[in-house]
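*Asks:* Mind looking over this structure? Questions follow.
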Amino acid sequence: GESVGLHLPTLSVQEGDNSIINCAYSNSASDYFIWYKQESGKGPQFIIDIRSNMDKRQGQRVTVLLNKTVKHLSLQIAATQPGDSAVYFCAEKGFGDYKLSFGAGTTVTVRA
Amino acid sequence: EPEVTQTPSHQVTQMGQEVILRCVPISNHLYFYWYRQILGQKVEFLVSFYNNEISEKSEIFDDQFSVERPDGSNFTLKIRSTKLEDSAMYFCASGMNTEAFFGQGTRLTVV
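Residue numbers (the working numbering), protein chains in the order written: chain A, 1 to 112; chain B, 1 to 111.
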């Protein structure tokens, strides 16, 4: 069946290091992907998105990589800061769908 | 920066009661959504709404649930007869196209 998942439920990172958060998906018809950041007690916050006709997209301190061959998505955060501590979700949308399907989330903890 | 706003932030209700969760989407957006998140779990899709009608809904969105956009600005989710398992964070989201921007959520507690 359709599923979106992350490889690791937790990630501990030293402040200043780069973080890489991974996500695998199974839906071959997925054509749009979003990374969200969720802080405790808050709603998911849009970080960056990418369409299936691209394999890389960059934002401010973040890069999303998409490998459609192996159905893998990653989020790279450069120079991780304490404010980056949160749960990160990948979400995907299939072609013609109206809904986003979310993965289980990775909890990122930044060590000072 | 425009944002999706939701009220109330926390709602406590007795089992069997009706609740209405309210949302004001970002003003020029065309697509509207409700999602929910049970504590510690992933975000689950409930329903999407476009052009004044439901465009897609999940198995969770059964006959107890309904949505309405009564006045062109508000977007509401009604749960007719709440159950204990309806306790969750409910998020409204909106978007111009495929993206979705989320509100801060309403924490619904059914007792």
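We treat Cβ as the ideally placed atom computed from N, Cα and C, and that holds for glycine.
Check the Cβ-Cβ distances between A/L73 and every residue of chain B, and say whether any is below 7 Å.
*Replies:* Answer no: the Cβ-Cβ gap between A/L73 and chain B never drops below 7 Å.
*Asks:* Across which residues does DSSP place A/Y36 in a beta bridge pair?
*Replies:* Partner(s): A/F46, A/F89.
*Asks:* Let me know if B/I38 comes out buried or exposed under the rule of 16 or more other beta-carbons within 10 Å of its beta-carbon.
*Replies:* Burial call: exposed.
*Asks:* Going by Cα to Cα distance, which pick from B/Q17, B/W34, B/T7 is closest to B/T82?
*Replies:* Out of B/Q17, B/W34, B/T7, B/Q17 has the C-alpha closest to the C-alpha of B/T82.
*Asks:* Under DSSP, the beta strand (DSSP E) around B/M15 begins and ends at which residues?
*Replies:* That residue, B/M15, is in no beta strand (DSSP E); it is neither H nor E in DSSP.
*Asks:* For chain B, check one thing: does any of its Cβ atoms lie closer than 7 Å to the Cβ of A/G43?
*Replies:* It does: the Cβ of A/G43 has a partner Cβ on chain B nearer than 7 Å.
*Asks:* In the DSSP output, what is B/I79 paired with across the bridge?
*Replies:* DSSP output for B/I79 lists B/V19, B/F65 as bridge partner(s).
*Asks:* Quick check on B/R36: buried or exposed, where buried means 16 or more other Cβ atoms within 10 Å of its Cβ?
*Replies:* It is buried - the Cβ of B/R36 has at least 16 other Cβ atoms within 10 Å.
*Asks:* Evaluate B/G103 with the Cβ neighbour count: other Cβ atoms within 10 Å of its Cβ, from every protein chain shown; 16 or more gives buried, anything less gives exposed.
*Replies:* The residue is buried, with at least 16 neighbouring Cβ atoms inside 10 Å.
*Asks:* Residue range of the beta strand (DSSP E) that A/Y98 falls in?
*Replies:* Unbroken run through A/Y98: none, as it is neither H nor E.
*Asks:* For a cutoff of 7 Å on Cβ pairs, would you count A/Y25 as touching chain B?
*Replies:* No, A/Y25 does not count as interfacial toward chain B.
*Asks:* Can the beta-carbon of B/F45 be found less than 7 Å from the beta-carbon of B/S58?
*Replies:* Going by C-beta atoms, B/F45 is nearer than 7 Å to B/S58.
*Asks:* When you compare each of B/L77, B/I60, B/Q14 to B/E68 by their alpha carbons, which one comes out closest?
*Replies:* Of the candidates B/L77, B/I60, B/Q14, the one whose C-alpha sits nearest the C-alpha of B/E68 is B/L77.
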